[in-house]
Ligand SMILES: Cc1cc2nc3c(=O)[nH]c(=O)nc-3n(C[C@H](O)[C@H](O)[C@H](O)COP(=O)(O)OP(=O)(O)OC[C@H]3O[C@@H](n4cnc5c(N)ncnc54)[C@H](O)[C@@H]3O)c2cc1C
Ligand SMILES: Cc1cc2nc3c(=O)[nH]c(=O)nc-3n(C[C@H](O)[C@H](O)[C@H](O)COP(=O)(O)O)c2cc1C
Ligand code: FES
């Protein structure tokens with residue numbers, strides 16, 4: 491089905507606390523389920539704020555849509571306080587989304603709550619059909635491409651969804667800045683190691699979501715691996731979310747681009 | 003019930019106008035919005051040359067308002083004519099094109115380029131954008147405003163609307179000056195100068211440092227200025243600044259507006275014009291008002 495954003499009123503199925511300040515909200519919408527692509531976001535109306543708040547589609551199961559969010563300010567607080575059967579006004583699906591590469595291996599890189607859109611992406615990546623993967627220069631073999639996610643956060647409280655990725659057949663590698671879980675350090679250190687020590691990465695696509703600093707690091711690392719296709723999902727403060735107000739721009743090599751319409755996903759080469 | 007309203011030569015089927023900068027250049031929202039219930043759409047302000055706009059972040063929400071510093075990002079008039087205009091005639095609303103610039107010459111060239119276009123129903127002269135880094139806005143000076151409008155008046159028969167800044171000592175003087183110079187209407191208000199600081203980073207939330215304030219926070223100040231002007235000039239006043247529901251809109255009519263403009267609320271609810279129109283009609287019916295004149299005149303301060 492062709493994607494066209496609609497304004498919908500949905501009924502909340504559940505709001506669940508996952509960790510201290512991380513919540514999982516779900517609702518039913520057949521339209522979103524059928525039209526959404528990984529990386530798309532929804533613009534949610536919150537009664538306590540003037541502007542809507544953009545949140546990524548975290549997961550789709552039949553016609554249940556999940557949103558995973560961190561409580562930051564007024565808007566996300568009000569969302570966290572929603573109850574079953576409360577109504578929610580949303581516009582979506584919005585944004586361009588990730589280009590899901592059919593054949594190659596994938597490396598997902600999540601920084602903190604940036605993990606949110608990557609689970610929906612992982613769902614799609616896991617479903618890719620068997621295909622010919624050039625395993626060695628000598629010849630190809632038929633197999634499903636391999637998937638791995640590198641997850642990083644400040645501490646273990648911020649690390650969520652490990653099991654969900656494992657269920658989808660993903661290898662999961664974890665880094666925490668304080669060492670409370672997995673490797674002590676940055677998630678980008680894991681990426682650097684991965685690329686240095688195996689040739690897996692050289693045939694992979696990278697998909698990343700997290701803070702801008704993380705993208706800067708990824709860019710530095712990839713200077714030595716120019717052929718790895720890398721997609722980054724950006725954030726910016728938004729007005730309309732629909733491409734009409736020009737509030738949400740970020741600088742790219744070809745001038746300012748709108749995160750809500752040209753993005754949120756940009757190829758690394760468009761930015762750096 | 004008659005909701006039609008005349009703004010200069012232009013007749014709108016209803017008095018709800020979507021304000022510049024919050025509705026794109028024309029048909030971008032056609033999948034989501036019912037244009038048949040909008041009196042007119044004012045385009046994003048167009049300039050002679052394309053403009054990239056200000057350094058992001060460009061928008062910040064306060065407790066009860068929104069600060070923006072878009073900086074007139076727009077593709078320039080030639081691209082507007084080629085890429086945006088052709089689609090406009092198909093929508094069931096009127097199109098007011100907002101023009102901006104720093105110099106008289108720019109406005110002159112813009113009007114010359116657009117005057118012959120049938121799909122342009124009127125011009126709104128943005129004399130009040132706070133995001134251009136200029137020391138003074140055109141509508142902060144009676145003389146600059148008056149000279150500019152006199153000049154443009156000679157170039158076009160289309161309706162000319164002057165959009166004013168609220169940031170002046172006496173807005174009535176400015177409104178009188180543009181009225182005497184030949185404008186057909188005034189549109190007010192544009193945003194108020196503002197600033198918000200992130201106390202952790204000790205930096206402004208906006209890349210441009212300052213921005214223009216809009217939304218519910220500015221309503222009482224805007225309403226006051228509309229009331230002042232409506233009581234002292236004969237021109238129709240397009241009133242707005244902070245309208246988010248029909249009650250706000252009714253207040254602006256009672257204060258003397260011929261039509262009302264919706265800005266920030268469009269960012270949240272692109273169909274707000276439709277909702278507000280429906281409720282305004284209900285209110286008028288309940289109060290046995292036959293037209294907008296009845297509504298305006300019912301204010302007994
Ligand atoms: C396309 C897109 C998808 C997103 N997806 C998710 C998601 O799936 N899960 C999730 O938890 N968050 C996501 N975000 C971020 C989310 O939109 C913000 O956290 C939210 O808008 C904050 O609203 P608030 O009212 O709670 O906070 P506010 O009171 O508005 O702000 C609180 C703090 O949060 C920061 N903030 C506010 N808005 C943003 C923003 N757009 N980007 C970065 N920082 C912001 C500000 O610096 C501020 O200090 C996404 C953002 C974008 C642009
Ligand atoms: C994001 C944004 C962009 C705007 N851009 C323009 C513009 O290009 N030209 C203009 O005349 N006014 C512009 N405005 C001002 C609005 O048209 C309106 O006058 C103002 O916001 C006050 O009304 P409101 O409180 O209903 O928003 C802009 C406002 C916002 C919020
Ligand atoms: S938020 Fe309005 S253009 Fe992106």
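Protein chains in written order, with the numbering used here: chain A, 491 to 762; chain B, 3 to 303.
Don't be surprised by glycine CBs; every beta carbon is placed ideally from N, CA and C.
A residue is called buried once 16 or more other Cβ atoms fall within 10 Å of its Cβ, and residue 99/B is buried on that count.
Along the stretch 148–181 of chain B, the beta strand (DSSP E) occurs as fully enclosed runs of 3 or more residues at 161–165, listed in sequence order.
Look at residue 736/A: its beta carbon is less than 7 Å from one of the heavy atoms in ligand 3. Bridge partners of residue 651/A according to DSSP: none are assigned. With fewer than 16 other CB atoms across the displayed protein chains lying within 10 angstroms of its CB, residue 197/B is exposed. Residue 76/B and residue 517/A have their C-alpha atoms spaced approximately 38 Å apart.
Relative to ligand 1, even the nearest heavy atom lies 7 Å or more away from the CB of residue 267/B. Residue 88/B carries a helical assignment under DSSP once its states are collapsed to helix, strand and coil. For the pair residue 276/B and residue 202/B, the Cα-to-Cα distance works out to about 41 Å.
With the criterion set as a beta carbon lying under 8 Å from some beta carbon of chain B, the members of the stretch 526–557 of chain A are 535, 539, 540, 541, 542, in sequence order. A Cβ-Cβ distance of about 12 Å is found for the pair residue 20/B and residue 279/B, leaving them out of contact under the 8 Å criterion. Shortest gap from the CB of residue 728/A to any heavy atom of ligand 1: under 7 Å.
In terms of Cβ geometry, residue 150/B and residue 113/B do not form a close pair [threshold 8 Å]. Proximity of chain B to residue 694/A at the Cβ level (cut-off 7 Å) is not reached, the minimal Cβ distance being about 31 Å. Beta-bridge partners of residue 577/A (DSSP): 501/A.
The alpha-carbon of residue 259/B is positioned some 34 Å away from that of residue 565/A.
In this structure, residue 749/A has its beta carbon less than 7 Å from a heavy atom of ligand 1. Distance from residue 55/B to residue 739/A at the Cβ level is roughly 7 Å; contact confirmed, criterion being Cβ atoms closer than 8 Å.
Taken through DSSP and simplified to helix, strand or coil, residue 75/B comes out as coil.
For residue 298/B, the enclosing alpha helix (DSSP H) begins and ends at 294–299.
Remark: the shortest separation between the CB of residue 611/A and any heavy atom of ligand 3 does not fall under 7 Å.
For residue 169/B, the shortest C-beta to heavy atom distance toward ligand 1 is 7 Å or greater. The alpha carbon of residue 525/A has as its nearest neighbour, out of 745/A, 704/A, 584/A, 578/A, the alpha carbon of 584/A.
Taking C-beta separations shorter than 8 Å and ignoring five residues to either side along the sequence, the partners of residue 503/A in its chain run 516, 517, 518, 554, 574, following chain order. By the beta-carbon neighbour count (other beta carbons within 10 angstroms, threshold 16), residue 175/B is exposed. Exclusion of the five residues before and after residue 24/B leaves 265, 266, 268, 269 as the residues of its chain whose Cβ lies within less than 7 Å of its Cβ. Rounded to the nearest whole angstrom, the CA to CA distance from residue 178/B to residue 300/B is 25 Å.
Set against 7 Å, the gap from the CB of residue 256/B to the closest heavy atom of ligand 3 is not smaller.
Per DSSP, reduced to three states, the secondary structure at residue 543/A is strand. Classified as buried, residue 186/B has 16 or more neighbouring CB atoms from the shown chains inside 10 Å of its CB. Under the rule that a run must span 3 or more residues, the beta strand (DSSP E) segments found entirely inside the stretch 672–724 of chain A read 694–699, 720–723. Taking 8 Å as the CB threshold, residue 34/B lines the interface with chain A. Listed along the chain, the chain A residues whose CB falls inside 7 Å of the CB of residue 266/B are 540. With fewer than 16 other Cβ atoms from the protein chains shown falling within 10 Å of its own Cβ, residue 94/B counts as exposed. In the structure shown, residue 62/B falls within a strand segment according to DSSP collapsed to helix, strand and coil.
DSSP, reduced to helix, strand and coil, places residue 117/B within a helical segment of the structure shown.
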